[in-house]
Amino acid sequence: MQAYSIYSERLDSASDPNAMPSPPKTFNLEMQDYEKRDKEHNFFVSHLDPDQVYLISVSAINSIGEGPRSQPTTVLTTPRVLPAPRNLRAYAESYDQVVLEWEPPWSNVDDSSYPLLEYLLRVEYTANNLHMDKIPDRRISKNPSSTIVRDLVPNSEYLFRLASVTQGGPGLFAEVVAKTKPFGQSSRFQKLCEKNEIQNNDHRIRSGNENTNKMKWKADSMEEDPE
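Per UniProt numbering, residue 1 is the first one in the sequence shown, and the count goes up by one each step.
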C-alpha cells in the first residue's frame with residue numbers, strides 16, 4: 001500500500017438524492033504519513049460548500065495502480081455561518097455597566113441566502129472571578145451596533161464574546177475584555193444626577209429649590225423648564 005485517494009462528489013441539489021454528482025475532488029494521502037498500516041485513518045476533507053450533500057469514497061493505491069473505490073458515504077454539510085463582528089470595543093460606563101460597540105461582519109456571500117438574524121452575546125468572568133455564577137447568554141437584535149451590559153460586579157474583569165447568527169447558527173466570536181469601575185465611581189448619568197440635572201434621552205429631573213423638584217420629559221429631546 002502506497003497511498004489513498006479520497007473522493008468528494010457534490011450532488012447538485014441537497015433536496016434531490018437522484019441528482020447527478022459534480023466532478024469529484026481528489027486528495028492523495030501517502031502511506032508514510034501513518035505509523036501503522038492497520039491503524040484507523042482520519043482525514044479532514046476541506047473546501048466543501050455549505051448546506052450541500054456530498055458522496056465521500058476512498059480508494060487504495062499500490063505499485064500496480066489504484067484499486068476500486070469504497071461504497072460512498074453520504075454527508076450533509078452545515079449551512080454557512082458568518083465571520084465574527086468587526087471592531088468589537090468595550091468600555092466601562094459605571095461600576096456595574098459596560099458598553100459594547102461593534103461593526104457588522106464582513107461577508108462576500110449574498111445576504112439574501114444567509115441573512116444575519118441576530119447577535120449572540122456571551123459574558124464570562126475572567127480567571128479571577130470563576131467562583132461567580134454563570135451569566136446567561138443574551139440575544140441582540142441585528143439592527144443596533146451597540147448595547148449596554150448591566151448588573152455586573154463592581155471592579156471586576158469580564159470577557160465579552162459576540163457572534164453573528166444565521167440559520168446555520170452562531171458564527172465565529174469576536175472577543176474583548178473590559179473591567180467595571182470600582183464601586184462609587186460615577187458614570188456620566190450619575191454625575192449629572194449629582195448636578196441635579198439628568199438627561200438620558202427620555203426624561204429629566206431638575207432641582208427647583210431645597211424642598212421641591214421639577215420633572216419634565218420629552219422623547220429624544222430636552223427643553224429647559226421656564227422659570
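Glycine included, each C-beta is placed from N, C-alpha and C at the ideal position.
- Listed in chain order, the non-local C-beta contacts of Thr-73 below 8 Å within the same chain comprise Leu-55, Ile-56 and Ser-57, local neighbours out to five positions each way being set aside.
- The shortest C-alpha to C-alpha distance from Thr-77 to any of Arg-138, Val-45, Arg-150 and Asp-137 is the one to Val-45.
- For the 8 Å CB-CB criterion, Tyr-158 and Tyr-125 form a contact.
- Per DSSP, the beta bridge partners of Ala-178 are Tyr-158.
- Inter-residue distance for Asn-62 and Ile-6 is about 15 Å (C-alpha atoms, whole angstroms).
- Trp-106 counts as exposed, since fewer than 16 other beta carbons sit within 10 angstroms of its beta carbon.
- When secondary structure is reduced to three states using DSSP, Gly-169 falls in the strand class.
- Linking Leu-48 to Val-81 through their CA atoms gives a straight-line distance of about 13 Å.
- As computed with DSSP, Leu-121 is found in a beta bridge with Arg-138 and Leu-162.
- Around the C-beta of Ser-156, 16 or more other C-beta atoms lie within 10 Å, and the residue is accordingly described as buried.
- DSSP places Thr-77 outside both helix and strand once states are collapsed to three, so it counts as coil.
- CA-to-CA, the gap between Pro-136 and Ser-146 works out to about 19 Å.
- With a 10 Å radius around the Cβ and a threshold of 16 neighbouring Cβ atoms, Gly-171 comes out buried.
- Per the C-alpha coordinates, the member of Phe-160, Ala-3 and Ala-92 positioned closest to Phe-43 is Ala-3.
- For Thr-126, there is no enclosing beta strand (DSSP E), since its DSSP letter is neither H nor E.
- Beta bridge pairing from DSSP links Tyr-54 with Arg-10 and Val-75.
- Per DSSP, the unbroken beta strand (DSSP E) holding Trp-102 starts and ends at 98-103.
- The DSSP-derived three-state label of Ser-145 is coil.
- Judged by their CB atoms, Leu-116 and Val-149 are not nearer to each other than the 8 Å cut-off.
- Per the DSSP secondary-structure output, Glu-66 pairs in a beta bridge with Ile-61.
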